[in-house]
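**Student:** Dropping the structure in here first, questions after.
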Amino acid sequence: MDRRELGAGTRVVRAARSLPPGGGQPLVPPLVQSVAFDYGSAAEQDAVFGGERSGYVYGRYGTPTTAALESAMAELDGVEAATCFVTGMAAIAAAVDACAISRGGRVVAQEDLYGQTRALFERWQRERAADIVFVDTTDHKAVEEALRAKPTTLLYAEAIANPLLRVNDVAALARLAKAHGASLALDATFATPVLFRPAALGATMVIHSLTKYVNGHGDVMGGSVGGSAELARAMRDRTILDGAYLPPHEAWLAIRGMRTLALRVRRQCETALIVALHLTKHPKVARVRYPGLEGHPQHEVATRQFGGLFGGVVSFVLRDDTKPAAFRFLDALELAASATTIGDLFTEVLYPPISSHRRLPAEERKRLGITDGFLRISVGIEDPNDILADIDRALDRV
Ligand SMILES: Cc1ncc(COP(=O)(O)O)c(C=O)c1O
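For what it's worth, this note's numbering labels the leading residue of the sequence shown as 1151, then goes sequentially.
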């Protein structure tokens, strides 16, 4: 088409579609924001829609930039394919619903899951009569009994649980699941692909909130579900129909953040151990939970499973185990943010009873060990001495 024959309005619209000229392979995946893709022939477009040819058709079906992140996540997790969602919760909801709940499949789930995951599962129990039972997944007898009680589709757990930091023995859970004909879905957000690859230990589905360590800069939300090519097809069906696909700009930022994942996580693990050891000696602290401490109930599992790293999150309980004491601690922090997330560059402290575990009834929260003076620190990459000084200053005010 000769553009000089077109009207000014048409020329503007078409010009804005053109791509920059010039060759050379970019070192960074291009950010392709396009929602739709043009095909030279309808037959070709038909083949892509039909899945006979690879390609892109529309934003919810896949975009080149999100696909670059999906390939990276599949590679990091050592799985056939990964699918990215707008948040970690969207990834969890899509995966567990598609693989179990929507087919009437039973789920055995860890009792001390991230509070919102547990709240979602409890909502499915109430609203959809979903058959979900909660157990202590570090108690393998209890898991076995729950799996034996009824045919189960999915065993669901977190690698390092939020916020109690119980560590699951993934190989053992995978064996138990397999022996009872179930799949193992593992949320590996706190462990990250730097600590281990759950799929190599038998997990059939690996979930991450990309919002946390993978992006690591506190400016993107996202989630991923990794596993077999068949699982990826089921997840793609979810992004197309439910629409929670990760848009390209977020994917591009997550890829950029991910490049320093190993550096950040190793540093955060080192500092977290320093923080945990420091807290164990502090007179205002009653208990410290960190898988790197020898007294942690799953220290041996964590050492074997994570190759000497123990994660960047430390939880502790104030000796004054009350809400006012926890509030005084939070209000006195100067360096660390009092914020409800983990895995960022900066140190962040969370008080689960008012945030992540707010929906859990107080008695159940306390039964699990999330008492009124319970706090969780996500250790950042600041200088360890500055983090310790900030914590000590805040503890002085308690
Ligand atoms: C272990 C775990 N899984 C999943 C999520 C949900 O991720 P998102 O906030 O990206 O939806 C969180 C959020 O804190 C989490 O801690």
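Beta carbons are placed, not taken as given, at the ideal position from N, Cα and C, and that holds for glycine.
Ends of the alpha helix (DSSP H) at alanine 1482?
**Tutor:** Where alanine 1482 is concerned, the enclosing alpha helix (DSSP H) stretches over 1473 to 1482.
**Student:** Which class does aspartate 1337 belong to by DSSP, given the choice of helix, strand or coil?
**Tutor:** Aspartate 1337 falls in the strand class under three-state DSSP.
**Student:** CB-CB under 7 angstroms to histidine 1449, same chain, minus the five flanking residues each way: which ones, in chain order?
**Tutor:** Result list for histidine 1449: Pro1441 and Leu1443, in chain order.
**Student:** Going by the beta-carbon positions, is the gap between proline 1398 and threonine 1267 smaller than 7 angstroms?
**Tutor:** No, the pair does not count as a contact, with Cβ atoms beyond the cut-off.
**Student:** Run through DSSP, which three-state label would glycine 1595 get?
**Tutor:** Here the chain comprises residues numbered 1151 to 1548, so residue 1595 is not present and cannot be evaluated.
**Student:** For alanine 1382, does the three-state DSSP call read helix, strand or coil?
**Tutor:** Alanine 1382 falls in the helix class under three-state DSSP.
**Student:** Where does methionine 1371 sit, in a helix, a strand or coil, going by DSSP?
**Tutor:** If DSSP states are grouped into helix, strand and coil, methionine 1371 belongs with coil.
**Student:** If you measure between the beta carbons of asparagine 1318 and alanine 1307, is that distance less than 7 angstroms?
**Tutor:** Cβ distance < 7 angstroms, so asparagine 1318 and alanine 1307 count as in contact.
**Student:** In angstroms, rounded to a whole number, what distance separates the CA positions of phenylalanine 1479 and glycine 1462?
**Tutor:** Answer to the nearest angstrom: the Cα atoms are 20 angstroms apart.
**Student:** For the alpha helix (DSSP H) containing histidine 1428, name the first residue and the last one.
**Tutor:** From DSSP, the alpha helix (DSSP H) with histidine 1428 extends over 1411 to 1430.
**Student:** Can you list, in chain order, the residues of its chain with a C-beta nearer than 7 angstroms to that of alanine 1482? Leave out the 5 residues immediately preceding and following it.
**Tutor:** The residues are Arg1543, Ala1544 and Arg1547.
**Student:** Could you pull the start and end residues of the alpha helix (DSSP H) that arginine 1273 belongs to?
**Tutor:** It spans 1265 to 1278 - the alpha helix (DSSP H) in which arginine 1273 sits, taken as one unbroken run.
**Student:** Cα-Cα, which of Phe1199, Val1178, Pro1179 and Pro1176 is closest to phenylalanine 1187?
**Tutor:** Here the closest residue by C-alpha is Phe1199.
**Student:** From the DSSP secondary-structure annotation, give me the bridge partner or partners of methionine 1355.
**Tutor:** DSSP output for methionine 1355 lists Ala1335 as bridge partner(s).
**Student:** Exposed or buried, what is threonine 1472 when buried is set at 16 or more other beta-carbons lying within 10 Å of its beta-carbon?
**Tutor:** Burial call: exposed.
**Student:** Taking only three categories from DSSP, how would you classify threonine 1342?
**Tutor:** In this structure, threonine 1342 counts as helix in the three-state DSSP scheme.
**Student:** By a C-beta neighbour count over all protein chains shown, 10 Å radius and 16 as the cutoff for buried, is alanine 1382 buried or exposed?
**Tutor:** Its Cβ being crowded by 16 or more others within 10 Å, alanine 1382 is buried.
**Student:** What residue does the alpha helix (DSSP H) around glutamine 1455 start on, and which one ends it?
**Tutor:** Its alpha helix (DSSP H) spans residues 1449 to 1456.
**Student:** When burial is assigned at 16 or more other CB atoms within 10 Å of the CB, is asparagine 1535 buried or exposed?
**Tutor:** With fewer than 16 other Cβ atoms within 10 Å, it is exposed.
**Student:** What three-state label does DSSP hand tyrosine 1440 in the structure shown?
**Tutor:** Note: tyrosine 1440 maps to coil in three-state DSSP.
**Student:** For alanine 1422, which residues in the same chain have their Cβ closer than 6 angstroms to its Cβ, ignoring the five residues on either side in sequence?
**Tutor:** Result list for alanine 1422: Gly1462, Val1464 and Val1529, in chain order.
**Student:** Using the C-alpha atoms, what's the distance from alanine 1401 back to phenylalanine 1284?
**Tutor:** Cα to Cα, the separation comes out at about 33 angstroms.
**Student:** Thinking glutamate 1294 and leucine 1326 are a contact (beta carbons under 8 angstroms), I'd like their distance in whole angstroms, please.
**Tutor:** Yes, they are in contact, since the Cβ atoms of glutamate 1294 and leucine 1326 sit about 6 angstroms apart, within 8 angstroms.
**Student:** Ordered along the chain, which non-local residues of its own chain (more than five positions away) have a Cβ less than 7 angstroms from that of leucine 1263?
**Tutor:** Counting only Cβ-Cβ distances below 7 angstroms, and skipping sequence neighbours, we find Glu1308 and Ala1311.
**Student:** Quick one: does the C-beta of tyrosine 1501 sit closer than 6 angstroms to a heavy atom of ligand 1?
**Tutor:** No, the beta carbon of tyrosine 1501 sits no closer than 6 angstroms to any heavy atom of ligand 1.
**Student:** Following the continuous beta strand (DSSP E) through arginine 1508, name the residue where it begins and the one where it ends.
**Tutor:** Element bounds for arginine 1508: n/a, residue is neither H nor E.
**Student:** Going by the beta-carbon positions, is the gap between glycine 1373 and leucine 1360 smaller than 7 angstroms?
**Tutor:** Their beta carbons are under 7 angstroms apart, which means glycine 1373 touches leucine 1360 by this criterion.
**Student:** Compute the beta-carbon to beta-carbon distance between threonine 1303 and glycine 1255, rounded to the nearest angstrom, for a pair I have assumed lies under 8 angstroms.
**Tutor:** Right, their Cβ atoms sit about 3 angstroms apart.
**Student:** For the candidate residues Gly1228, Val1182 and Ala1349, whose alpha-carbon lies nearest to that of tyrosine 1206?
**Tutor:** For the residues Gly1228, Val1182 and Ala1349, the minimum Cα distance to tyrosine 1206 belongs to Val1182.
**Student:** Would you report the Cα separation of alanine 1550 and threonine 1453, rounded to the nearest angstrom?
**Tutor:** Residue 1550 falls outside the range modelled here, since the chain spans only 1151 to 1548, and no answer is possible.
**Student:** Leaving aside the five residues before and after proline 1348 along the sequence, list all residues of the same chain whose C-beta is less than 7 angstroms from its C-beta, in chain order.
**Tutor:** Cβ neighbours of proline 1348 beyond the five flanking positions: Ala1309, Val1320, Leu1336, Ala1338 and Val1356.
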